[in-house]
Amino acid sequence: MPTENRSSNTEMASELRPCPFCSAAMRVESNRDWHRVMGDHAEECVFTDSETMMVPATDAQRSIMVADCNQRTQPAEQHQGKPVVCAHEWTDDGEFMLVCTACGAQENHDPKWRDMATAPRDGTLIRLLVEFTEHATEDSEAMPSPTIGANSFDHTGEDVWQFAGWSWEQDCFTQGEGEPVGWLPLLDTPHSDPAEVEGLHTVIEQQKSLVESLRAELIESRSIDASAEPSAPELTDDLREILGRSNFTCHFIAKALRVMGHSIAHKSEDEQAVVIHWLLGIYLKHGPDWRQRAAAELEEASQSLST
128 MPTENRSSNT
138 EMASELRPCP
148 FCSAAMRVES
158 NRDWHRVMGD
168 HAEECVFTDS
178 ETMMVPATDA
188 QRSIMVADCN
198 QRTQPAEQHQ
208 GKPVVCAHEW
218 TDDGEFMLVC
228 TACGAQENHD
238 PKWRDMATAP
248 RDGTLIRLLV
258 EFTEHATEDS
268 EAMPSPTIGA
278 NSFDHTGEDV
288 WQFAGWSWEQ
298 DCFTQGEGEP
308 VGWLPLLDTP
318 HSDPAEVEGL
328 HTVIEQQKSL
338 VESLRAELIE
348 SRSIDASAEP
358 SAPELTDDLR
368 EILGRSNFTC
378 HFIAKALRVM
388 GHSIAHKSED
398 EQAVVIHWLL
408 GIYLKHGPDW
418 RQRAAAELEE
428 ASQSLST
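Mapping of the sequence shown onto this note's numbering: residues 128 to 434, in sequence order.
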């Protein structure tokens, strides 16, 4: 993803383990938009900064990133400064790259982008090769660029692709515009277990019954007019921010919510729905303090992941 025109604020991260291949000290570099793991690796090291993680600049996402990075490493004392040869396990990622799932090393290859006619249109988040007309993810718009996106035609009846683009003026993600010309599945994206999906439907029905039961109790105890229509809260700027959240911005929060015990299918529409529902609940409970409350819960989840 784009890294140009970014002023970085480098901070040492003592909680990061050293590089497992050359024992280089690892650190977190941050700016107002991103946290990223970096290291001064040996020349022959197979772990390079170009394959490291980059997440939005929140304390919760930083903690999750550090925990994820440490899970890929081993204590440096085992290597005694000697580079370790990785038995590469290659998988395709990006436009013209093979990526090792063990160490992150890359090699050039033809990813064999698939025909868009075969792409899923059920809301599944996939990788896309897009001929951008606005907000290309690469600095040059002369050739298609890789990104991620989804199409929910099976549920909405609208055959529209939504995908991430990059604002080079504001140095941040935005909604991309253009025509997808190829697709690939995301790495390590598990398929939903039909039994798990059926279980979720059962839970939803149980929750609906519980809501109806509680409403009946309230009507009886407080003499609520059963015919009165519930009124929605005023559409404030905070509610616009929560309810209008784009699906591709919900991925990292959904990851933290899974740590907190939420059951979320690996589909962009499910991640978006659960994240918005979770944020809405916090807003209705805490009002203007919803951002701080949400950040605190995400931070707590990230700490439990890192321990």
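Yeah, the Cβ is synthetic: ideal placement off N, Cα and C, and Gly gets one too.
In this text the structure is predicted, and so the values were computed from the model without any measurement.
Per-residue DSSP class, three states only, for residue i
| i | result |
| --- | --- |
| residue 253 | strand |
| residue 143 | coil |
| residue 310 | strand |
| residue 166 | strand |
| residue 426 | helix |
| residue 264 | coil |
| residue 153 | strand |
| residue 278 | strand |
| residue 408 | helix |
| residue 377 | coil |
| residue 172 | coil |
| residue 330 | helix |
| residue 385 | helix |
| residue 245 | helix |
| residue 182 | strand |
| residue 161 | strand |
| residue 304 | strand |
| residue 415 | helix |
| residue 285 | coil |
| residue 322 | helix |
| residue 294 | strand |
| residue 420 | helix |
| residue 272 | strand |
| residue 361 | coil |
Top-ranked residue by Cα proximity to residue i, from the options
| i | options | result |
| --- | --- | --- |
| residue 166 | 424, 152, 332 | 152 |
| residue 195 | 293, 424, 142, 326 | 142 |
| residue 144 | 197, 172, 157 | 197 |
| residue 403 | 193, 367, 388, 413 | 367 |
| residue 384 | 373, 370, 400 | 400 |
| residue 150 | 159, 157, 172 | 172 |
| residue 248 | 264, 276, 161 | 276 |
| residue 398 | 380, 345, 293, 278 | 380 |
| residue 278 | 182, 254, 185 | 254 |
| residue 281 | 242, 246, 412, 391 | 246 |
| residue 392 | 285, 292, 326 | 326 |
| residue 428 | 186, 310, 161 | 186 |
| residue 305 | 322, 323, 313, 256 | 256 |
| residue 162 | 410, 148, 188 | 188 |
| residue 242 | 312, 261, 293 | 312 |
| residue 261 | 273, 274, 293, 284 | 293 |
| residue 414 | 369, 160, 273 | 369 |
| residue 274 | 310, 419, 425 | 310 |
| residue 295 | 266, 284, 430 | 266 |
Distance, residue j Cα to residue i Cα
| i | j | result |
| --- | --- | --- |
| residue 288 | residue 169 | 42 Å |
| residue 308 | residue 290 | 13 Å |
| residue 302 | residue 377 | 13 Å |
| residue 193 | residue 164 | 8 Å |
| residue 259 | residue 337 | 47 Å |
| residue 190 | residue 251 | 27 Å |
| residue 342 | residue 365 | 27 Å |
| residue 264 | residue 239 | 20 Å |
| residue 395 | residue 374 | 6 Å |
| residue 339 | residue 244 | 43 Å |
| residue 346 | residue 183 | 45 Å |
| residue 297 | residue 271 | 22 Å |
| residue 202 | residue 421 | With a pLDDT of 43 at residue 202, under the threshold of 50, the modelled position of this residue cannot be trusted, and the question is left open. |
| residue 360 | residue 300 | 30 Å |
| residue 411 | residue 382 | 23 Å |
| residue 204 | residue 155 | Caution is warranted here: a pLDDT of 43 is assigned to residue 204, below 50, making its placement in the model unreliable, and the coordinate value is therefore given only provisionally. Roughly 21 Å between the two C-alpha positions. |
| residue 363 | residue 344 | 30 Å |
| residue 323 | residue 390 | 9 Å |
| residue 335 | residue 286 | 31 Å |
| residue 82 | residue 388 | Lying before the first or after the last residue shown, residue 82 is absent from the chain, which here runs from 128 to 434. |
| residue 423 | residue 158 | 21 Å |
Any chain D beta carbon closer than 8 Å to residue i
| i | result |
| --- | --- |
| residue 260 | No chain D appears in the structure shown, which is made up of a single protein chain. |
Residue i Cβ short of 7 Å to the ligand HEM heavy atom set
| i | result |
| --- | --- |
| residue 389 | With respect to the ligand HEM, the structure offers nothing, as it holds no ligand at all. |
| query | Would you say the segment 400-417 touches the segment 322-336, given that touching needs at least three Cβ pairs under 8 Å? | reply | no
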